[in-house]
Structures are given as structure tokens and as C-alpha cells.
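Novice:
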Amino acid sequence: MFYLDSLHGKDGGETYRTKSGFRYPLSKERGGQYKVKSGETIRVCMTSDFFLEEADGWRDEAWEIIRQRPDVKFFLLTKRPHRVKDCLPKDWGNGWENVMFNVTCENQKRADERIPIMLELPFKHKGIMCAPFIGAVSIAKYLPKGQIEQVLCDGENYDGARPCHYEWVKALHDECRAYNVTFVFCGTGRRFVKDGRTYNIESSAVQSQQAFKSGLSFKGKAARYELTNEWGYPITDEELYKPYFGEKCENCGMRISCNGCSRCGKC
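Quick note: the sequence shown uses the working numbering, first residue 1, plus one each step.
#1: Would a C-beta distance cut-off of 8 Å place Ser217 and Phe183 closer than the cut-off?
#2: Note down the Cα distance separating Lys85 from Ile42, rounded to an integer number of angstroms.
#3: So Met147 is in the beta strand (DSSP E); what residue range does that whole segment cover?
#4: I'd like the list of long-range same chain contacts for Thr104, defined as Cβ closer than 6 Å, with 5 residues on each side in sequence excluded.
#5: Using the Cβ count rule (16 or more neighbours within 10 Å means buried), how would you classify Met100?
#6: Look at the alpha carbon of His124 and the alpha carbon of Arg59, and state the distance between them as a whole number of angstroms.
#7: Considering just the uninterrupted stretch of the alpha helix (DSSP H) at Cys176, what are its terminal residues?
#8: Restricting to Cα atoms, I'd like to know which of Glu230, Asn157, Arg177, Lys213 is closest to Ile201.
#9: Look at the alpha carbon of Phe133 and the alpha carbon of Asp154, and state the distance between them as a whole number of angstroms.
#10: Between Glu175, Ser203, Pro144, which lies nearest to Thr188 when the distance is taken from Cα to Cα?
#11: Going by C-alpha distance, which of Phe22, Ser20, Phe2 is nearest Glu14?
#12: Name, in chain order, the residues that DSSP records as bridge partners for Lys73.
#13: Based on Cα-Cα distance, which residue from Gln108, Gly57, Arg255 lies nearest to Ala171?
#14: CB Pro70 to CB Leu227, shorter than 8 Å?
#15: Check Gly127 in the structure and name its three-state DSSP category.
#16: By a C-beta neighbour count over all protein chains shown, 10 Å radius and 16 as the cutoff for buried, is Lys126 buried or exposed?
#17: Roughly how many whole angstroms lie between the Cα atoms of Gly260 and Phe50?
#18: Quick check on Asn251: does DSSP put it in helix, strand or coil?
#19: Measuring straight from C-alpha to C-alpha, what distance separates Arg23 and Cys252?
#20: Secondary structure at Lys213, three-state DSSP: helix, strand or coil?
#21: Which first and last residues belong to the alpha helix (DSSP H) in which Arg80 is found?
#22: Taking 8 Å as the cut-off, decide whether the C-beta atoms of Arg83 and Glu53 are in contact.
#23: In angstroms, rounded to a whole number, what distance separates the CA positions of Gln147 and Ala223?
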């Protein structure tokens, strides 16, 4: 997070409200259509935390944006599930259909601390992100509850990256496969250990390719989002955004959970 913010001249320790992108989900093209299409996924605060105490003053406006786009999936990730219950909108009820809630589980200690809280929270869609994956994690005792729809894992990157071990990834994959839960091995991270050997993989593209080649990503039972338009009418599959995948997407570890290529040319 600190490294990525530094690329944009920002201090990773500072909590701030983005100016140009905050209301992006409501942005429209000249013809009046939304830039973000029905069925697309928006990952929120991926270099921050949606439930930071410092962001309490802006969150209601963020919820209002999510409320206005019931046709778009919003991916929320937090290390603070203990704060979530008091930060939900008054009309939340049992959860909104277009929100996927995830907790970070970088090792077993954090998994056992955060997953039980997540399972008690009112969300229609729930997942786990083991990133950076810095210690073995077992979730076998949580999967039988049937609430966890997907598990993503990725090694650590940038300076001082700690190693990710193949055995950890394989064990987590096996648990998810046993319960038909989608498992996405997004990338190896910069330091990957397999069969006692440490591989130094600097390129994020190569990390993702190697994760794909491992064959550990697994598409389990599909999460079904009952998305609606702004008037509350169901959106048919034919009306949903069809993601585009380019040539380089074919061997990408994240493809199973990806929103598709934006054709920005950065690959």
C-alpha cells in the first residue's frame, strides 16, 4: 500500500477522500449511459480499508453511491470486521445483493480472529482474501457453514517481501475444492518457495502466469447476484456486461475472479 501510494506522490499513512474518483460509479458517457456497465465489479479502497475509523465521515456518501447502482457488484475488503456492524446503513437489513464482503486472512491468527466475526455479519456474499499470504491458513472448520463463496490468495510484493510457500496454497486449494468453493491463486508474490527452493520473481505478470501454471485455481459453485436496475427490476443475463479477455489474459492467475481487460495497454 505504501509503495503504491508513493507512485502517485501520496503518503500511505494519510487517510484522505479521493477527489476525482469518489463518484466514478455514477459517471456517465455523453449518451447518458453509465461508464460502469451493469454486472461489472468495482473493488473499493483496495489500497486502504473501507471501514477505517478515519473514514467514518465519508462512508454514508459511499453507501449512497452503492445504493444507487444495484446493477453493479461492489467488492469490499477489510481488516476491521469488528467495526462493520456499527458502520452499516440503516436500511441494510440482511444485506444488499450487490455487495461482496471480504476479510483479509494473511495467516492463521488473523483468519481465526476475523472469519468468525464475518460469518455473523449480515452480508449476502462473503469471501476471504489471503494476501499477502505470509503463513499457512486452514479454513476447513468455517467452510461447512456454506457462507464463504470465494477465497483468493496472493504472495507479498515490493521491498522486504516475505515468502509464500506452495504447500500453503495447495492446502488451501484442497480445502476449497472439497466444499466446491471458488479458489483463486492470483499470484506467487516476489518470493515463492516450492520443494525447498526459493524463487525470486520480480515481475507481477510472471507471478500471475506462474500461479496460473500451477493449476491450483478452481472455479467452484458460482455466486449468484440478483442484480436489479434503479427501478428494482431484475437484470437478465443478456443485459449484463460481457467481460473482454485479451491474449495475455489467457494465462493470468486472476482470470477466474477478474472483471475483464480494460484494454489500457499497461500489460
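Glycine included, every Cβ here is placed at the ideal spot set by N, Cα and C.
Specialist: In short:
#1: yes
#2: 22 Å
#3: The sequence given here has Gln at residue 147, not Met. No beta strand (DSSP E) contains Gln147, which DSSP labels as neither H nor E.
#4: Lys79, Met129
#5: buried
#6: Sequence inspection shows Lys at residue 124; the His mentioned does not correspond to that position. Straight-line Cα distance between these residues: approximately 20 Å.
#7: 166-178
#8: Asn157
#9: 6 Å
#10: Ser203
#11: Phe2
#12: Thr41
#13: Gln108
#14: yes
#15: strand
#16: buried
#17: 23 Å
#18: helix
#19: 30 Å
#20: helix
#21: Segment: none, Arg80 is in no alpha helix (DSSP H) and carries neither H nor E.
#22: yes
#23: 11 Å
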